[in-house]
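Quick mapping for you: the protein sequence lines, in order, are chains H and X. According to the numbering used here, the first sequence is numbered sequentially starting from 2. According to the numbering used here, the second sequence is numbered sequentially starting from 2. The beta-carbon is built from N, C-alpha and C at its ideal position, and this holds for glycine as well. What follows is a single structure, written as structure tokens, with notes after it.
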Amino acid sequence: MAVTALVSIVVFAPLLGLAMPAVAEGMGAVDALAFSLNRGLANWPALFALSIIVGVVTTLISSITGGLAQFLTTPWSFCVMSAAYMQAIGDVTKEGA
Amino acid sequence: MSEDRQDQGKRKCPNCGAEVLATDDICMNCGAELVVSPSPEPVEPATPAAPSYAVTQPPREEPVETGKIRVVQALVLSWRGFISHIALLVLGALVMSLMGVCVVLIPPLMAGLYAMSLSAVRGQEPELGDIFGGFSYTVPAYAVVIVMAVIFLVINLLLVAPLVAA
Chain H
2 MAVTALVSIV
12 VFAPLLGLAM
22 PAVAEGMGAV
32 DALAFSLNRG
42 LANWPALFAL
52 SIIVGVVTTL
62 ISSITGGLAQ
72 FLTTPWSFCV
82 MSAAYMQAIG
92 DVTKEGA
Chain X
2 MSEDRQDQGK
12 RKCPNCGAEV
22 LATDDICMNC
32 GAELVVSPSP
42 EPVEPATPAA
52 PSYAVTQPPR
62 EEPVETGKIR
72 VVQALVLSWR
82 GFISHIALLV
92 LGALVMSLMG
102 VCVVLIPPLM
112 AGLYAMSLSA
122 VRGQEPELGD
132 IFGGFSYTVP
142 AYAVVIVMAV
152 IFLVINLLLV
162 APLVAA
């Protein structure tokens, strides 16, 4: 279990987490995976930090409120990866921040 | 003489052409920031070198370095988008969970929820129907999920197998 969580946070989310937002934007599967891997490697520390934050917050809220919290944490975590995706494609200005 | 001195103290804004004082940091006409940089070599040693001006864009329009992900900025952006459309996004997650009982529907629904999240983070108005828009990307969504699952499985096996063998 711990190994699975470790793999998810260290490798999975940072390197492949941008693939699904790319698909939602109309990118093909191969392009989306290549984009995610490319941007994930270039921004691994930032995406790793975001994965840790999302993981910790999600676990904390779930342990406090139970399973219902997933309806809050899931869209929030999607928003976090969407924001990271927007930054990865340069679709953001300092005003937006 | 005093007019000449006054003229020397005035320059034109390189952005809009309006007259600005040499001491002005910002053009009063267009708001462009005037940055004074020293001239490389004075033309006439007898007279003081005229400061040259460079126009920089106002900070709020300055684009962020392309492709660079910033943790704090991403969290702020996502929080704003999430809070401003929290009801709709929670409803989207609820729809995804309910329809996710049928496991084969999860990948396109994930793409749909990502489409809603992207709209929210961009400051646009997401709609609940966007979650079903993910079905337009069913094939790539499935392909991505399958590839991710295979990679996840392989990495886990590579890490867990030595532990089990030991």
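In the DSSP annotation of this structure, the continuous segment of the beta strand (DSSP E) that includes residue 12 of chain X starts and ends at 11–13. 4, 5, 8, 12, 13 and 17: these are the residues of the stretch 3–18 of chain H whose beta carbon lies less than 7 Å from some beta carbon of chain X, given in chain order.
Residue 64 of chain H and residue 14 of chain X have their C-alpha atoms some 59 Å from each other. One thing to note: residue 149 of chain X has its Cβ within 8 Å of the Cβ of residue 17 of chain H.
Residue contact with chain H for residue 99 of chain X: absent (no Cβ-Cβ distance below 8 Å to any residue of chain H). Relative to the Cα of residue 138 of chain X, the nearest Cα in the group H:22, H:43 and H:52 belongs to H:22.
Among the bridge pairs identified by DSSP, residue 20 of chain X is matched with X:13. The C-beta separation of residue 110 of chain X from residue 132 of chain X comes to about 6 Å, placing the pair in contact by the 8 Å criterion. Nearest C-alpha to residue 34 of chain H among H:73, H:47, H:79 and H:14: H:14. Residue 24 of chain H sits close to residue 112 of chain X, with the two beta carbons spaced by under 8 Å. Rounded to whole angstroms, the gap between the alpha carbons of residue 166 of chain X and residue 158 of chain X is 11 Å. Within chain X, the C-beta atoms nearer than 7 Å to that of residue 79 of chain H come from 114, 115 and 118, in chain order.
DSSP places residue 19 of chain H outside both helix and strand once states are collapsed to three, so it counts as coil. Taken in chain order, the complete alpha helix (DSSP H) segments of 4 residues or longer contained in the stretch 10–64 of chain H are 14–17, 20–25 and 30–43. DSSP, reduced to helix, strand and coil, places residue 69 of chain H within a helical segment of the structure shown. Within 10 angstroms of the beta-carbon of residue 103 of chain X lie fewer than 16 other beta-carbons, which makes it exposed. In terms of CA proximity to residue 77 of chain X, H:85 leads the group H:85, H:75 and H:60. Straight-line measurement puts the Cα of residue 24 of chain X at about 44 Å from the Cα of residue 119 of chain X. The three-state secondary structure of residue 78 of chain X, taken from DSSP, is helix. Spatial neighbours of residue 74 of chain H in its own chain (CB-CB distance under 6 Å, excluding positions within 5 residues in sequence) are listed in chain order as 59 and 62. DSSP, read as helix, strand or coil, puts residue 35 of chain X in strand. From the beta-carbon of residue 167 of chain X, no residue of chain H is found nearer than 9 Å; the closest lies around 13 Å away. Close partners of residue 34 of chain H in chain X (Cβ separation under 9 Å): 144, 145, 148 and 149.
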